Amino acid sequence: MSREHVYNFSAGPSMLPLPALERATADLLDYQGSGMSVMEMSHRSSIYQKIFDETKAKLKAALHVPDSHEILFLQGGASTQFSMVPLNLMGENGCADYALTGNFSTIASKEAKKYGRVNIAASTEACNHTRIPKQEELVLTPDASYFHYCANNTIFGTEWKYVPDTGKVPLVCDMSSDILSRPVDVSRYGIIYAGAQKNMAPSGVTVVIIDKSLAGHELPITPLMLSYKLMIDKDSMYNTPPCWCIYMLGLTLDWLLEQGGVEGMEIIKRERAKLLYDYLDESKLFRGCAEREDRSDMNVTYRTASDELDKEFVAAATARGFLNLKGHRLVGGLRASIYNAMPVEGVKALVDFMKEFEVSKRV
Ligand code: PMP
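When we follow this note's numbering, the leftmost residue of the sequence shown carries the number 42, and every step to the right adds one.
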């Protein structure tokens with residue numbers, strides 16, 4: 042099956058914008074007449090430094106990152122941030138608040154417990170994470186070092202539609218699966234982090250946007266490579282950064298900025314999600330898993346009445362070029378991940394196929 046006949050709904054690594062892939066293909070063997078691929082250049086060379094600086098500048102422009110904050114390009118995935126955040130921030134007061142709204146925020150809280158006290162500010166475990174806690178449900182610790190939450194729950198298909206108000210306590214947010222899909226007031230956050238492999242680039246680079254005043258208070262046991270202060274001082278180049286992934290992020294950002302930036306992305310994201318949710322709301326065969334008001338515009342989780350029928354749907358969809366619609370193994374069911382690079386036509390085609398499947402089952 043060739044690329045033209047496929048819509049890829051993978052939760053991550055996910056599809057990238059075609060123009061970015063085409064640019065990378067053109068540059069692959071010989072980057073702009075340098076005689077080298079980006080994979081073969083010294084990260085200390087002026088030619089690579091330019092790629093790095095431009096990518097950072099494009100990300101700063103796209104997210105309107107204020108000068109109070111630094112952009113870091115790190116490694117280890119979003120999962121390494123589960124340790125890096127408490128190691129660097131817990132020292133302040135020895136305690137942090139965590140909202141548990143899914144798999145990744147729960148793992149993050151368990152990791153943080155190794156380095157200090159963790160207060161569970163809210164948990165939606167009792168309803169299998171089908172909703173997001175309301176502001177008034179949050180049990181906040183006034184002197185917590187930070188409040189951690191995951192903006193979009195990739196596996197369960199829920200999304201925080203509001204920014205929690207935590208007073209003076211810095212917000213730390215895992216935006217792995219919704220970064221760059223909407224405007225964000227970065228100044229409200231102490232730290233935003235995200236693995237690249239959904240909305241940004243191939244896996245391998247982790248974007249961290251940090252309020253510089255939070256760095257420099259790491260616990261003494263903090264490994265060298267996990268110090269925000271060191272990475273800020275060295276502009277993410279204490280060691281070799283993920284050069285190729287940063288370059289790819291730059292190409293994705295070129296595309297994103299041409300499409301109207303995060304403001305443009307938000308309009309398309311709403312259109313995509315509405316198409317799919319409107320159909321799920323009327324379907325007699327499929328039903329959405331998350332509570333209506335909290336459902337994610339990026340990861341649409343749904344199911345039929347049985348595991349067998351879910352399986353049959355996935356097989357039929359795959360044969361028609363709608364790939365990776367199986368739900369995460371923790372929850373089963375079905376999931377369509379519709380990140381920035383998914384065209385509206387892809388969702389329209391999926392909905393048409395789902396309708397056809399529903400008719401064939403004569404519900
Ligand atoms: N947080 C969220 C919201 C995720 O979706 C993922 C991965 N799917 C992670 C964290 C873990 O990311 P990584 O694989 O980059 O460590």
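We put the beta carbon where it would ideally sit given N, CA and C, even for glycine.
Bear in mind that the values here come from a model prediction, so they are computed numbers and not experimental data.
Contact belief for residue 174 with residue 188 at Cβ below 8 angstroms, rounded distance in angstroms: Sequence index remark: in the sequence shown, residue 174 carries index 133 (1-based). Sequence index remark: in the sequence shown, residue 188 carries index 147 (1-based). In fact, because the Cβ distance is near 12 angstroms, the residues do not count as touching under 8 angstroms.
To the nearest angstrom, report how far apart residue 322 and residue 217 are at their CA atoms. Numbered from 1 along the sequence shown, position 281 holds the residue referred to as residue 322. Numbered from 1 along the sequence shown, position 176 holds the residue referred to as residue 217. Roughly 27 angstroms between the two C-alpha positions.
Am I right that residue 289 and residue 235 are in contact with their C-beta atoms under 8 angstroms? What's the rounded C-beta distance? Within the sequence shown, the letter at position 248 stands for residue 289. Within the sequence shown, the letter at position 194 stands for residue 235. Not a contact, Cβ separation roughly 14 angstroms.
Closest Cα partner of residue 254 within the set 380, 133 and 82: Within the sequence shown, residue 254 is the residue found at index 213, counting from 1. If we check each option's Cα against that of residue 254, 133 comes out closest.
Hey, how far is the Cα of residue 99 from the Cα of residue 291? Within the sequence shown, residue 99 is the residue found at index 58, counting from 1. Within the sequence shown, residue 291 is the residue found at index 250, counting from 1. Using only the alpha carbons, I get a separation of about 7 angstroms.
How is residue 113 classed by DSSP in three states: helix, strand or coil? Locating residue 113 in the sequence shown gives position 72, counting from the first residue. The answer is strand: DSSP assigns residue 113 an E or B state.
Hey, how far is the Cα of residue 240 from the Cα of residue 222? Against the sequence shown, residue 240 aligns to sequence position 199. Against the sequence shown, residue 222 aligns to sequence position 181. Cα to Cα, the separation comes out at about 8 angstroms.
Verify the contact flag: residue 338, CB atom, against every heavy atom of the ligand PMP, threshold strictly below 6 angstroms. Position 297 of the sequence shown, counted from the start, is the residue given in the question as residue 338. Outside the cutoff, so no.
Same chain only: Cβ atoms within 6 angstroms of residue 338, ignoring 5 sequence neighbours per side: Numbered from its first residue, the sequence shown carries residue 338 at position 297. Excluding residues within five positions, the ones whose Cβ falls inside 6 angstroms are 310 and 314.
On the criterion of 16 or more Cβ atoms from any shown chain inside 10 Å, does residue 230 qualify as buried, or is it exposed? The residue you call residue 230 lines up with position 189 of the sequence shown. That one is buried.
Figure out for me which residue from 160, 303, 295 and 77 has the closest Cα to the Cα of residue 140. The count along the sequence shown starts at 1 and reaches residue 140 at position 99. For residue 140, the nearest C-alpha among the options comes from 160.
Integer-rounded CB distance, given that residue 336 should sit under 8 angstroms from residue 200: Position 159 of the sequence shown, counted from the first residue, corresponds to residue 200. Position 295 of the sequence shown, counted from the first residue, corresponds to residue 336. Yes, residue 200 and residue 336 are in contact; Cβ-Cβ is about 7 angstroms, under 8 angstroms.
For residue 66, which of 54, 55 and 79 has the nearest alpha-carbon? In the sequence shown, counting from the first residue as 1, residue 66 sits at position 25. Nearest C-alpha to residue 66: 79.
Going residue by residue through the stretch 285-356, where are the continuous alpha helix (DSSP H) segments of at least 4 residues, counting only ones entirely within it? 302-323
By the DSSP assignment, the beta strand (DSSP E) with residue 197 in it spans what residues? For this step, residue 197 is matched to residue 156 along the sequence shown. Counting along the chain, residue 197 falls outside any beta strand (DSSP E), and DSSP gives it neither H nor E.
Apart from the five residues just before and just after residue 51, which ones in its own chain have a Cβ nearer than 8 angstroms to its Cβ? Against the sequence shown, residue 51 aligns to sequence position 10. The residues are 364, 365 and 378.
Per DSSP, the bridge partner or partners of residue 367: Mapped onto the sequence shown, residue 367 falls at position 326. DSSP lists 375 as partners of residue 367.
Might you give, ordered along the chain, the residues of its own chain that have their beta carbon closer than 6 angstroms to the beta carbon of residue 89, omitting 5 neighbours on each side? Along the sequence shown, one-based indexing puts residue 89 at 48. Counting only Cβ-Cβ distances below 6 angstroms, and skipping sequence neighbours, we find 82.
First and last residue of the uninterrupted beta strand (DSSP E) at residue 158: Along the sequence shown, read from residue 1 onward, the residue named residue 158 stands at position 117. Residues 158-164.
Proximal residues to residue 167 (C-beta, below 8 angstroms), its chain only, five neighbours per side dropped: Within the sequence shown, the letter at position 126 stands for residue 167. Contacts found: none.
Could you work out which residue in 281, 387 and 238 is closest to residue 312 when comparing CA atoms only? Here residue 312 refers to the residue found at position 271 of the sequence shown. Nearest of 281, 387 and 238 to residue 312, Cα basis: 387.
Neighbour-count burial assignment, residue 228, 16 or more Cβ in a 10 Å radius: As a first step, residue 228 is located in the sequence shown; it is residue number 187 there, counting from the start. Exposed: under 16 other Cβ atoms inside 10 Å.
Apart from the five residues on each side of it in sequence, which residues of its chain come closer than 8 angstroms, Cβ to Cβ, to residue 306? Here residue 306 refers to the residue found at position 265 of the sequence shown. Around residue 306: 221, 222, 223, 297, 300 and 381.
Closer than 6 angstroms: is that where the CB of residue 215 sits relative to any heavy atom of the ligand PMP? One-based indexing of the sequence shown puts residue 215 at position 174. Correct: residue 215 has its Cβ closer than 6 angstroms to the ligand PMP.
Alpha carbon to alpha carbon, what distance is there between residue 351 and residue 138? Indexing the sequence shown from 1 puts residue 138 at position 97. Indexing the sequence shown from 1 puts residue 351 at position 310. Cα to Cα, the separation comes out at about 37 angstroms.
First through last residue of the beta strand (DSSP E) which encompasses residue 141: The sequence position of residue 141 within the sequence shown is 100, counting from 1. Looking at the DSSP string, the run of the beta strand (DSSP E) that includes residue 141 is 136-141.
Inspect the CB distances between the stretch 141-156 and the stretch 116-127 and report whether three or more fall short of 8 angstroms. yes
With a Cβ-Cβ cutoff of 7 angstroms, do residue 273 and residue 111 count as a contact? One-based indexing of the sequence shown puts residue 273 at position 232. One-based indexing of the sequence shown puts residue 111 at position 70. For residue 273 and residue 111, yes; Cβs fall inside 7 angstroms.
Got a sec, what are the start and stop residues for the beta strand (DSSP E) residue 68 sits in? As a position in the sequence shown, residue 68 is number 27, starting the count at 1. Here residue 68 belongs to no beta strand (DSSP E); instead the alpha helix (DSSP H) covers 59-68.
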